[in-house]
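Visitor:
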Amino acid sequence: MSKSANKKTIAPDGGWGWAIVAAHGIYFMLVLSIFQSFGLMYKNEFKRIGFTGAESSIILATNGGLCLLCGLINGFLLNKLGIRKVGYCSAALMVSGLILTAFSTTFYQFMISYGIITSVGIGMGMSSYSLAINSYFNKNRSKATGLAMTAAGIGIILSPQLVSVLLENYTVRQTMLIISAVAAHSFIAASLLQPVEWHAETEDLPLEVKESDVDDKLLEEKNNGNEVEDNMLSIRASMISLDVYHHPSDSAKNCKRPSEDASPMKRFTKSIINVLDLKLLKDPVFVNMLFGLSIEYFSDFNFMWVIPFVLMEKGLSVDETATFMSIYLIGDISLKFLAPFVAAAVKRSSRFMLIVSIIGVVICRMYLPILSISNKAMLIAFAICTGGFRGLRLVYWFLTVPEYIPVERLASAFGLLYTLNGIFMIFGGPALGLLRDKTGNYTASVILLNCLAIYTVVTWIIEMVYTKMKRSQASNDGSR
Numbered sequence: 001m002s003k004s005a006n007k008k009t010i011a012p013d014g015g016w017g018w019a020i021v022a023a024h025g026i027y028f029m030l031v032l033s034i035f036q037s038f039g040l041m042y043k044n045e046f047k048r049i050g051f052t053g054a055e056s057s058i059i060l061a062t063n064g065g066l067c068l069l070c071g072l073i074n075g076f077l078l079n080k081l082g083i084r085k086v087g088y089c090s091a092a093l094m095v096s097g098l099i100l101t102a103f104s105t106t107f108y109q110f111m112i113s114y115g116i117i118t119s120v121g122i123g124m125g126m127s128s129y130s131l132a133i134n135s136y137f138n139k140n141r142s143k144a145t146g147l148a149m150t151a152a153g154i155g156i157i158l159s160p161q162l163v164s165v166l167l168e169n170y171t172v173r174q175t176m177l178i179i180s181a182v183a184a185h186s187f188i189a190a191s192l193l194q195p196v197e198w199h200a201e202t203e204d205l206p207l208e209v210k211e212s213d214v215d216d217k218l219l220e221e222k223n224n225g226n227e228v229e230d231n232m233l234s235i236r237a238s239m240i241s242l243d244v245y246h247h248p249s250d251s252a253k254n255c256k257r258p259s260e261d262a263s264p265m266k267r268f269t270k271s272i273i274n275v276l277d278l279k280l281l282k283d284p285v286f287v288n289m290l291f292g293l294s295i296e297y298f299s300d301f302n303f304m305w306v307i308p309f310v311l312m313e314k315g316l317s318v319d320e321t322a323t324f325m326s327i328y329l330i331g332d333i334s335l336k337f338l339a340p341f342v343a344a345a346v347k348r349s350s351r352f353m354l355i356v357s358i359i360g361v362v363i364c365r366m367y368l369p370i371l372s373i374s375n376k377a378m379l380i381a382f383a384i385c386t387g388g389f390r391g392l393r394l395v396y397w398f399l400t401v402p403e404y405i406p407v408e409r410l411a412s413a414f415g416l417l418y419t420l421n422g423i424f425m426i427f428g429g430p431a432l433g434l435l436r437d438k439t440g441n442y443t444a445s446v447i448l449l450n451c452l453a454i455y456t457v458v459t460w461i462i463e464m465v466y467t468k469m470k471r472s473q474a475s476n477d478g479s480r
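Here full-length UniProt numbering is used: position 467 in the sequence shown is 467, and no number is missing along the way.
1) Measure the alpha-carbon distance for Ala152 versus Ile26 and round it to whole angstroms.
2) Exposed or buried, which one is Gln473 when buried takes at least 16 other CB atoms within 10 Å?
3) Which residue from Asn421, Ser135, Asp13 puts its Cα closest to that of Ile295?
4) Mind pulling the beta strand (DSSP E) runs of 3 or more residues that sit fully within the stretch 303–379?
5) DSSP on Ile10, reduced to helix/strand/coil?
6) Determine the burial state of Gly225: buried for a count of at least 16 other Cβ atoms within 10 Å of its Cβ, exposed for fewer.
7) According to DSSP, what are the bridge partners of Glu201?
8) Taking the alpha carbon of Ile49 as the reference point, which residue from Val172, Asn140, Ser119 has its own alpha carbon closest?
9) Any contact between the stretch 128–146 and the stretch 98–115? By contact I mean 3 or more CB pairs, one from each, below 8 Å.
10) Sort Leu98, Thr145, Leu40 by Cα distance to Ala184 and report the nearest one.
11) What residue from Leu60, Gly82, Asp300 has the CA that sits closest to Leu410's CA?
12) Classify Arg351: buried if its beta carbon has 16 or more other beta carbons within 10 angstroms, exposed otherwise.
13) So, using beta-carbon positions, are Ser119 and Leu66 closer together than 8 Å?
14) Can Glu320 and Asn441 be called in contact, C-beta distance under 8 Å?
15) Count the C-beta pairs between the stretch 455–474 and the stretch 335–349 that are closer than 8 Å, then say yes if the count reaches three, no if not.
16) Can the beta-carbon of Ser135 be found closer than 8 Å to that of Val395?
17) Measure the C-alpha to C-alpha separation of Ser96 and Ile117 and round it to an integer number of angstroms.
18) Can you tell me which of Ile333, Leu177, Thr269 puts its alpha carbon nearest to the alpha carbon of Arg393?
19) Give the secondary structure of Trp16 by DSSP, where H, G and I count as helix, E and B as strand, and everything else as coil.
20) Short of 7 Å in beta carbon distance, which residues of its chain neighbour Gly315, apart from the five on each side in sequence? Order them along the chain.
21) Can you tell me where the alpha helix (DSSP H) with Ala413 in it begins and where it stops?
22) Output the boundary residues of the alpha helix (DSSP H) element that contains Ala152.
23) To the nearest whole angstrom, what separates the beta carbons of Ser299 and Leu449, a pair I think is in contact under 8 Å?
24) With distances taken between CB atoms, is the gap from Ser33 to Ser159 smaller than 8 Å?
25) Going by Cα to Cα distance, which pick from Pro369, Phe76, Val401, Leu417 is closest to Leu354?
26) Tell me whether Asn375 is buried or exposed, calling it buried when 16 or more other Cβ atoms sit within 10 Å of its Cβ.
27) Quick one, which of Ile330, Arg348, Asn74, Lys80 has its alpha-carbon nearest Thr419's?
28) Within its chain, find whatever has a CB closer than 8 Å to the CB of Ala61; leave out the 5 residues flanking it on each side and keep chain order.
29) On the three-state DSSP scale, how would you describe Ile99?
30) So, for Arg84: in the same chain, excluding its five sequence neighbours on each side, which residues have a beta-carbon less than 6 Å away from its beta-carbon?
31) For the alpha helix (DSSP H) that Gln174 lies in, which residues bound it at each end?
32) For Ala23, is the classification buried or exposed, using 16 other Cβ atoms within 10 angstroms of its Cβ as the cut-off for buried?
33) Starting from Met124, trace the alpha helix (DSSP H) both ways and give me its first and last residue.
34) Cα-Cα, which of Gly17, Leu416, Ser142, Ser127 is closest to Lys347?
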């Protein structure tokens with residue numbers, strides 16, 4: 001086997017990485033503040049303009065869904081341009097969209113400015129900052145993610161108060177322009193996104209590996225029945241093939257001829273698969289992980305949206321509901337900060353911790369339909385427990401994919417994940433609305449969201465048990 005030196009980047013796990021944590025926290029603090037405050041700013045303004053409830057919902061759903069649906073394109077852009085350039089593009093689109101939103105007066109203007117331009121900008125940033133923090137950290141990844149999300153969570157608590165003060169002194173248009181100026185701080189965050197190669201150490205790796213050697217190794221792993229390691233090896237094998245491409249052997253050159261003779265449609269399809277790295281979908285463990293994460297994201301996002309309506313249906317006032325949500329968010333932020341230390345103490349994978357967190361969230365949610373608003377102590381306990389488990393869940397949700405996929409392919413993996421999230425959000429959101437209209441309350445919606453979360457837990461446990469049985473069987477066969 002011929003070999004030559006090649007370099008592999010080693011995550012700094014500190015240093016400038018903490019500036020990346022600050023950038024991640026700043027960006028998501030701004031984004032979450034925008035999501036949180038938009039409805040507060042435009043609830044009465046939409047009524048004054050004459051928008052129907054459906055039109056208002058479409059604007060919000062388009063913004064929430066499109067920022068996730070552009071995930072596949074984001075993966076391609078990150079691989080081509082890098083995290084910093086994509087971060088600048090994100091800031092430019094987001095701020096431009098918000099400024100245009102301030103001057104929008106019709107449904108189509110809001111759809112273009114806030115529903116599309118702002119949304120695409122936010123989506124590009126979400127992918128860029130997520131990739132950045134996972135590129136800079138490996139051993140300390142959970143701590144970095146927990147700190148960044150804790151900082152971002154502060155924006156959720158402070159933004160409603162800020163918007164309320166602004167609306168008391170300025171018009172809606174002026175308030176949105178001020179929010180746009182605040183969002184312009186995302187340019188500062190983008191400036192902190194220095195390429196990881198500037199700060200990381202490198203180690204020598206083989207540049208060329210014979211394809212037959214990789215195939216033999218894959219076959220050996222399959223015979224051992226180690227499905228998880230096999231999946232990871234197949235991912236790394238495709239990474240090695242990128243290096244082989246630059247110094248192909250004679251046999252590799254000969255292998256190119258069939259593709260050159262292939263039809264234009266086949267060549268186009270192959271190029272799309274390579275550009276978007278759709279080969280990741282050949283890994284059944286990753287596909288199961290992908291669907292589970294997307295379904296759980298849909299369940300969590302919509303439950304967060306449903307809680308205030310359920311409480312007000314039970315008789316809580318707007319002020320009491322706001323107080324409940326503040327306590328809920330305090331529990332959320334507190335456990336986000338503690339999540340890395342919890343994981344370090346129990347020494348389990350992020351996926352396992354996510355399963356435990358989801359189970360805790362579901363158990364808490366089950367009490368919502370039967371929760372008595374007259375028992376204030378129970379309301380506070382419910383808010384803290386539900387918010388706390390959600391905080392844990394969110395940190396481990398973001399860490400699950402990076403623990404399984406090599407950092408070189410994280411951009412594409414996150415792109416697939418965000419795209420699937422967007423599909424569930426766009427098509428699943430209206431379905432929940434129809435369920436609410438049919439039943440007349442949100443109880444059925446809460447039950448459905450719990451069932452979706454349970455689905456993720458069940459499918460993941462089945463996969464883990466099956467994998468463990470296969471490994472045990474292979475180990476027993478090997479010892480004979």
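Ideal Cβ positions, reconstructed from N, Cα and C, are used throughout, including at glycine.
Guide: Judging by the given coordinates:
1) Between Ala152 and Ile26, the C-alpha separation is close to 7 Å.
2) Result: exposed.
3) With respect to the C-alpha of Ile295, the residue from Asn421, Ser135, Asp13 having the closest C-alpha is Asn421.
4) none
5) strand
6) With a pLDDT of 43 at Gly225, under the threshold of 50, the modelled position of that residue is not reliable, and the figure given next carries that caveat. Its Cβ being crowded by 16 or more others within 10 Å, Gly225 is buried.
7) Ile10
8) Val172
9) no
10) Leu98
11) Gly82
12) For Arg351, the number of other beta carbons within 10 angstroms of its own is at least 16, and it is reported as buried.
13) yes
14) Between Glu320 and Asn441, the CB-CB gap reaches or exceeds 8 Å.
15) no
16) no
17) 8 Å
18) Ile333
19) coil
20) Closer than 7 Å at the Cβ level, and outside the excluded window around Gly315, lie Ile373.
21) 410–439
22) 141–169
23) Yes, they are in contact, since the Cβ atoms of Ser299 and Leu449 sit about 5 Å apart, within 8 Å.
24) yes
25) Looking at the Cα atoms, Val401 is the closest of the given residues.
26) It counts as exposed.
27) Asn74
28) These residues qualify, in order along the chain: Met425, Ile426, Gly429, Pro430.
29) helix
30) Within the same chain, Arg84 has close Cβ partners Leu193.
31) 172–183
32) buried
33) 119–136
34) Ser142
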